[in-house]
Structure formats: structure tokens, C-alpha cells
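Protein sequences appear in the order of chains A and B.
The first sequence runs 1 to 340 under the working numbering.
The second sequence runs 1 to 325 under the working numbering.
For each residue, glycine too, the CB sits at the ideal point set by N, CA and C.
Predicted model only: the values in this text are computed from it and were never measured.
To start, the structure under review is shown below, and the notes come after it.
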Amino acid sequence: MSAGTPSGKLHIPISVSRIGIALMAATTAIAGLALCGIAFGRSPGELLAILASGSIGSSFALQGTLLKSVPLLLTGLSVAIAFRAGVWNIGGEGQFLIGALGAFLGARYGLIASLAAAVLAGAIWASIATAMRLWRNAPEVLTTILLNFIAIHLLGYAVNGPLQEASGKYPQSDAVPAGAALPLLGNLELHAGVVIAVLVAIAAWYLLYRTAEGLRLRATGFNRSAAKWAGVNVDAQLIRAMAISGAMAGLAGGIELLGVTHRLFERFAAGYGYAGIAVALLAQLHPLGTIASAFFFGALTTGAGELQRTAGISSMVATLAQAIVILAMIAFMRRSKASS
Amino acid sequence: MKRIRALLTLASLAFLLLGCPKPESSSAMKVGLLTPGSVNDNGWNAIAYEGLQEIHKQLHAEISNQETKTPAEFEEGFRSYGEKGYDLAFGHGFEFQDAALKAGKQYPKTIFITTSGSSVAPNVSPMVFELEQATYLLGVIAGRESKTGKAGVVGGINLPSIASTFLAFRAGAQSVNPNFEVKEIYTGNFDDAGAAKLATLSLINAGCDFIFHQANEAGRGVFQACQERKVRCFGSNKNQNDMAPDVIVASAVLDVPGAFVYMAKLVHDHKFKPQIYWLGRRQRVVSLVWNDRLKSSISPQTVAEVEKLDAAIQAGTFTVPRGKF
């Protein structure tokens with residue numbers, strides 16, 4: 001901010017200014033959406049009212065928001081952990097799919113086995129990229145995104161071939177056994193994955209900020225050579241960060257399968273992996289911030305659905321808002337860096 | 001400073017939130033549509049949206065639609081329509097079946113229709129298109145008129161619904177010429193016109209003198225190859241006769257908007273009964289459309305035979321074979 005003197009800046013704790021940046025980015029996105037409404041001949045106030053009532057205005061809407069926040073929270077954490085270690089894991093989409101595939105295969109052995117399989121499958125899939133990095137120094141930005149395509153085709157093959165439903169009618173799998181499905185919370189439409197996701201976020205925060213290993217991981221991401229000189233086993237950090245990151249995206253896929261869809265089909269991921277990048281950026285890679293950020297994007301998607309149903313504005317504007325958030329975050333963060 | 005500005009923006013937002021939309025009240029029929037993608041895709045979703053707008057025009061229904069990507073959104077969309085007392089909600093694809101059954105239980109007053117599928121409940125039914133009724137007739141034309149005794153079919157992806165139209169085409173051709181050969185090529189996608197063209201050329205080189213396709217956008221390549229080699233062919237799904245009027249003899253036409261209107265009228269007139277709705281020739285959802293410029297190149301006996309069969313299909317006295325799905 002041009003008006004703030006450098007000495008004045010120091011009085012604002014870093015965490016507060018960070019939250020300020022995130023709030024500004026989120027506000028910019030919502031304001032952008034509201035302004036879009038003018039193009040459709042609607043008043044911004046009316047649009048914001050629909051967005052709010054459609055996302056948090058009723059218990060029905062709130063449940064929809066929470067349901068969508070779960071995969072966003074986990075893929076957001078996945079991105080945050082990897083980025084913290086300095087690894088550009090943009091393969092969340094593929095790890096999500098492989099996690100779901102693993103969960104489906106493990107489902108016959110019960111819920112716990114199924115979730116464990118999802119975690120393991122996601123970790124292994126992400127580790128392929130690490131292996132290529134260590135073996136041939138292949139950049140993760142490339143390998144993870146290419147692994148996404150392989151995962152998409154693998155799933156396509158599975159639901160058209162070996163895992164296709166017994167009746168053989170449509171390219172989808174049969175539903176997982178009822179015993180493996182995530183239980184619903186009380187008499188809500190909400191599954192227990194909400195609790196798991198929040199616990200994972202807290203665990204991730206603890207790992208990153210309350211353990212020596214977390215410090216080493218962040219040091220690796222901050223400055224790899226410095227960390228190396230300080231005695232950190234950088235390779236081990238990269239391997240672990242990527243595996244954890246993949247595990248979380250895999251878990252997201254597993255929870256989505258066991259809690260919502262109950263079966264596999266070709267367009268299973270629907271962008272949750274990529275949306276995780278926006279979620280993590282808005283949270284500025286902080287695990288606890290990711291909870292709020294995932295809720296924000298969940299609410300945005302749910303509200304956008306209502307926006308289309310009642311005002312006829314395409315729900316794809318939620319994707320537009322994601323883009324605005326990323327751009328705004330980059331702009332605000334650069335600005336605050338430049339002025340400090 | 002940053003905090004102050006953020007607070008100011010938030011405050012102004014909260015101010016804007018105070019303006020609430022007034023609920024609309026009317027006695028008109030309410031119809032909702034969920035599509036699995038953007039309604040501007042010029043294809044599968046666009047055609048469903050066209051159907052929704054037809055419903056609005058013809059039945060003066062209040063309409064609403066949502067582009068949904070995930071099953072969580074399918075369920076939420078259906079529930080929201082149920083919650084708001086919609087009379088009818090469409091889910092445009094087999095993938096909407098689970099969500100329709102779930103929402104159907106919760107909202108017994110709303111009728112949920114999926115495009116294709118097999119799940120039926122007291123207020124849930126699929127509508128399935130019988131394009132086979134027209135592709136069978138195309139097969140009869142090829143069987144009668146081919147000089148080489150061979151026809152080729154070019155498909156995009158080998159989906160049950162597409163394989164079934166080829167099955168009917170082959171059955172039609174072999175019903176008039178038991179030794180008739182139909183060669184099949186799937187290119188693996190619906191948008192690579194180049195691949196479809198190459199596939200068509202290879203079929204023509206193998207002696208096929210009639211070509212039928214189910215390649216959607218890539219069908220363009222099929223017509224190019226046929227025009228270059230002066231081989232007769234057929235259009236599919238839409239009336240494509242104008243795309244290559246010098247070689248396309250006829251098109252197997254599927255009127256998806258018409259199917260949406262048909263179902264909405266049933267619900268509107270309280271004639272809906274839970275069942276699989278097979279929509280074809282009888283409901284005027286499927287038809288065979290001749291290219292008048294080329295119709296004269298087909299022998300009058302064949303034309304008469306096809307028209308007789310067409311009438312039998314419409315009357316329900318003749319059943320066209322179809323794939324099991």
C-alpha cells in the first residue's frame with residue numbers, strides 16, 4: 001500500500017497481513033462475479049444474495065457446501081505440503097483418480113482397508129514423479145501433469161473393461177459394498193469424510209509447524225541448497241513431501257468414492273485436483289488456512305449452482321472466480337513483498 | 001491500511017447483501033434440467049438445452065438449468081428442484097440415475113427423467129432413443145443399392161449406444177442381402193475429422209460403396225472422403241443432408257428437443273407412468289430424412305420397400321433389432 005510507511009508496516013503481525021491478502025483476493029473474486037452479473041442484466045446485490053443464500057443460507061445449502069469442501073480441502077492440503085517442500089505437484093487430479101481406484105479395489109475388505117488403499121495408491125502414484133526426478137532430474141511440473149493423463153486413461157480403461165458394472169451397460173463400475181461406504185453424520189446428508197478431512201488438516205499443520213521434520217521440510221522448500229548445507233537430507237524430504245502430498249490427494253479421491261459417488265466412472269475427478277491449487281494459494285500454503293479456503297471455494301461452487309438455477313448465469317463462473325483468486329493472490333503477494 | 005481497506009470492502013459487500021430477490025409465484029409448470037457440461041457445446045448438452053427452451057415455448061413452463069460436473073452437484077441440483085416444488089427435472093445422461101433415484105425418494109412430487117439409463121422408480125424414469133429404427137432403414141437402402149455388397153461404418157468411440165446403431169444397420173442390410181458385408185472402424189474419438197477421413201478412405205479402398213458414420217463432429221471427415229471418391233453415404237443424428245448434398249442419400253435423424261417436449265407433455269397432462277420410455281418413430285423423435293436431390297438415384301422399388309418398412313415400424317408391427325444395453 002502506497003500510504004503505509006515502512007515503519008508502520010512492522011506493526012502489523014505477518015499472520016494478520018496474510019489473512020488480509022487472502023480476504024482481499026476472495027473479495028476481488030466475489031466482486032468480479034457480482035460485476036459479471038451486470039452483463040446478464042442483474043443487479044450485483046441480487047447476485048450476491050443468491051450466492052449467499054445458495055451456499056450458506058440454509059442447512060440444505062450448507063451441507064452442499066461442506067460436501068464440496070471435503071475434496072477441495074484434501075487436494076488443497078496436498079498442493080500445500082508439496083509446494084512447502086518446493087515441489088510443484090500439479091498432479092492432484094491424477095492422484096485423486098488413482099486414490100479412488102485404490103479405494104474401489106480395497107472396498108471389498110471394508111472401509112478402513114479402502115481408505116488405506118486410497119492413501120497408499122495416491123502416494124505411490126505421486127512417487128513415480130519423485131523417482132523420475134531422482135533418476136533423471138525430470139521436473140515434477142511436467143511429470144505430474146503427464147501422470148494425470150495416464151491416470152485419466154487408466155480409469156477410462158478400468159470402467160470400460162475389468163471394473164465395468166456387472167450388467168455391462170454403461171462405462172461405470174458397480175457401487176461399492178454398503179459396508180465400505182462412509183457413514184452419514186446423524187440424519188444429515190453429510191458423510192464422515194468431513195471429520196477426516198479436518199483432522200488431516202490439523203495433522204498437516206502439526207507436522208509442518210510443530211515438528212523438527214516439518215521444519216526441515218519447509219527449509220527444503222525455502223532454499224534447497226541452504227537446507228542441504230545445514231545438514232538436511234534434501235532428497236529424503238522431497239520423497240516424503242511428495243508421498244504425503246499424493247497420499248492426501250488419493251485420500252480425497254477415496255473419500256469422494258466412499259462418501260458421495262459410490263462408483264467409478266470416466267469423469268470422476270472433475271477438476272478437484274486442479275482446484276486444489278487455487279485452494280492452497282488462497283490459504284498461502286498454510287494447512288489451517290486451507291480449511292477456510294476450501295470452505296470458501298466449496299461455498300462458491302454451491303452458490304454458483306444456485307445462481308444458475310435461479311438467475312440463469314452459468315455455474316461455470318465458479319471456475320472464473322478460481323482464476324480471479326489465483327491472479328489476485330499473485331498480484332497482492334507481489335505488492336506486499338515489493339513494499340516491505 | 002490493508003486491514004482497513006479489506007474491512008471497507010467487506011462492509012460494502014454486506015450492504016449489497018441486504019437486497020434480497022423476491023420469490024416468484026406462478027401456477028405454471030416448472031421444469032429443471034441438469035447437464036453434465038456447458039450448454040454451449042454445440043452438441044449433447046446444447047441439444048438438451050434446446051429441448052428445455054422448447055418446453056418453455058410450447059408449454060409456457062417456468063424453466064431452469066444447471067451445468068453440473070460431479071455427482072455431488074447432480075444430487076444437489078435434483079434436490080434443489082425437488083425442494084422448490086418443480087414438477088419435472090431432467091438429468092441429461094445415464095450418470096444421473098443414482099442421483100435421480102436418491103432425490104426421487106426424498107421428493108415424491110417431482111418427476112425425475114434421465115436421458116438413457118435403466119433405473120425406474122415411482123417418480124423416476126429414463127427415456128431411451130431408438131435411432132436404430134432409422135439406421136436399420138439405412139442398412140436396407142445400402143443392402144439393396146450396393147453394387148459391391150459391402151458397406152462401411154465409421155464410429156467415434158465404441159459405446160453401447162453407437163454399436164447398437166451399427167448392429168441395426170447391419171441387420172437391415174442383411175435382411176435384404178444375407179451375404180452383405182459391413183466393415184466397421186472406430187477412430188477412438190469424436191472430433192478428429194482427419195482420422196475419420198482416413199478410416200473412410202480405407203473402407204472405400206476395401207470395396208465399400210456405402211458409408212454410414214456415428215462420429216459426431218468428426219463425421220465431417222467421412223463426408224470429405226466420400227465426396228472425393230464419389231461414394232454415397234448417410235448422415236446421422238442431425239439432418240446432415242446439406243453437409244455434402246452430392247453424396248449423402250439420407251440421414252437418420254434424432255430429434256432430442258422433441259423428446260424433451262414429449263416427456264414434458266406427458267407430465268403436464270398427468271399421463272406419466274414409471275417405465276423405460278422408448279422414444280422413436282412413433283413419437284416422431286426418430287425419422288429417416290431423404291436427400292431429395294439424390295433420392296432419384298435410388299431405385300423406386302427400394303424407396304417403396306423402405307417406406308413400407310418405415311410405416312410398419314411406426315405402426316409398431318415391426319420391431320427393429322438393437323444392442324443389449
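Worksheet item: Which residues share a DSSP beta bridge with Lys150 of chain B?
Response: B:Glu181
Worksheet entry | chain B contact for Ala180 of chain A (CB, 9 Å cutoff) | no
Worksheet entry | DSSP state of Met29 of chain B mapped onto helix, strand, coil | coil
Practice prompt. Determine the DSSP secondary structure at Trp88 of chain A, reduced to helix, strand or coil.
Written response: coil
Fill in: chain B within 9 Å of Tyr274 of chain A, Cβ atoms only
no
Fill in: Same chain only: Cβ atoms within 7 Å of Ala99 of chain B, ignoring 5 sequence neighbours per side
Pro71, Phe74, Glu75, Phe78, Gly91
Item to complete: Drop a sphere of 10 angstroms on the beta-carbon of Gly316 of chain B, count the other beta-carbons inside from all chains shown, and report buried for 16 or more, exposed for fewer.
Response: exposed
Worksheet item: What do you reckon, are the CB atoms on Leu288 of chain B and Ala252 of chain B nearer than 9 Å?
Response: yes
Discussion item. Quick check on the burial criterion: 16 or more other C-beta atoms within 10 angstroms. Buried or exposed for Thr319 of chain B?
Written reply: exposed
Worksheet entry | Residues within the segment 75 to 88 of chain B neighbouring chain A, beta-carbon criterion of under 9 Å | Glu75, Glu76, Gly77, Arg79, Ser80, Tyr81, Glu83, Lys84
Worksheet item: Considering only residues of the same chain and omitting the five flanking positions on each side of Ser164 of chain B, which have a CB-CB separation below 7 Å?
Response: Glu132, Arg322, Gly323, Phe325
Item to complete: Report yes or no: is there a C-beta of chain A within less than 9 Å of the C-beta of Val39 of chain B?
Response: yes
Fill in: Helix, strand or coil at Lys22 of chain B according to DSSP, with G and I counted as helix
Caution applies to Lys22 of chain B, whose pLDDT of 38 falls short of 50 and renders its modelled position unreliable; the value that the coordinates give is listed next. Lys22 of chain B: coil per DSSP, three-state reduction.
Worksheet item: Secondary structure at Gly235 of chain B, three-state DSSP: helix, strand or coil?
Response: strand
Practice prompt. Pull out every residue of the segment 309 to 331 of chain A whose Cβ sits closer than 9 Å to any Cβ of chain B, in chain order.
Written response: Arg309, Thr310, Ala311, Gly312, Ser314, Ser315, Met316
Item to complete: Specify the secondary structure class of Ile146 of chain A as computed by DSSP and reduced to three states.
Response: The sequence given here has Leu at residue 146 of chain A, not Ile. Leu146 of chain A: helix per DSSP, three-state reduction.
Worksheet item: Which of the three DSSP states, helix, strand or coil, is assigned to Gln133 of chain B?
Response: helix
Worksheet item: In the structure shown, what three-state DSSP assignment does Met248 of chain A receive?
Response: helix
Worksheet entry | Neighbouring residues, chain A, relative to Ser125 of chain B (Cβ below 8 Å) | In chain order: nothing, as chain A lies at least about 16 Å away.
Practice prompt. Check His262 of chain A in the structure and name its three-state DSSP category.
Written response: coil
Fill in: Interface flag, Val260 of chain A vs chain B, CB-CB below 9 Å
yes
Item to complete: Pull up the CB-CB distance for Arg108 of chain A and Pro177 of chain A, whole angstroms please, since I reckon it's below 8 Å.
Response: 6 Å
Practice prompt. Measure the C-alpha to C-alpha separation of Ala230 of chain A and Asn223 of chain A and round it to an integer number of angstroms.
Written response: 11 Å
Item to complete: Within the same chain, show all residues whose beta-carbon is closer than 8 Å to that of Trp205 of chain A, passing over the 5 residues directly before and after it, in chain order.
Response: His286, Pro287, Leu288
Worksheet item: At a Cβ threshold of 9 Å, is Ser64 of chain B touching chain A?
Response: yes
Worksheet item: Can you tell which of B:Glu67, B:His56, B:Gly51, B:His60 has the C-alpha that lies nearest to the C-alpha of Pro36 of chain B?
Response: B:Glu67
Worksheet item: If you count every other CB in all the chains shown that lies within 10 Å of the CB of Gly93 of chain B, and 16 or more means buried, which is it?
Response: buried
Practice prompt. Determine, using beta carbons only, whether Ser7 of chain A comes closer than 9 Å to chain B.
Written response: Because Ser7 of chain A carries a pLDDT of 45, less than 50, the predicted location of this residue cannot be relied on, and the following value inherits that uncertainty. Taking Cβ atoms only, chain B never reaches closer than 9 Å to Ser7 of chain A, which makes this a no.
Worksheet entry | Distance between beta carbons of Ile248 of chain B and Val231 of chain B, contact taken as under 8 Å | The Cβ separation is near 11 Å, so there is no contact.
Practice prompt. Pick helix, strand or coil for His270 of chain B, following the three-state DSSP scheme.
Written response: coil
Item to complete: Look at the alpha carbon of Ala278 of chain A and the alpha carbon of Met333 of chain A, and state the distance between them as a whole number of angstroms.
Response: 14 Å
Fill in: 6 Å Cβ shell around Ala318 of chain A - same chain, five flanking residues per side excluded
Leu300, Thr301, Ala304
Worksheet item: When DSSP labels each residue in this structure, what does Thr28 of chain A get in the three-state scheme?
Response: helix
Item to complete: Starting from the beta carbon of Gly271 of chain A, find every residue of chain B whose beta carbon is closer than 8 Å, and list them in chain order.
Response: Lys69
Worksheet item: Cβ atoms of Trp125 of chain A and Leu147 of chain A: under 9 Å apart, would you say?
Response: yes
Item to complete: Can you give me the start and stop residues for the beta strand (DSSP E) that Ile55 of chain B sits inside?
Response: Unbroken run through Ile55 of chain B is the alpha helix (DSSP H), 44 to 59; no beta strand (DSSP E).
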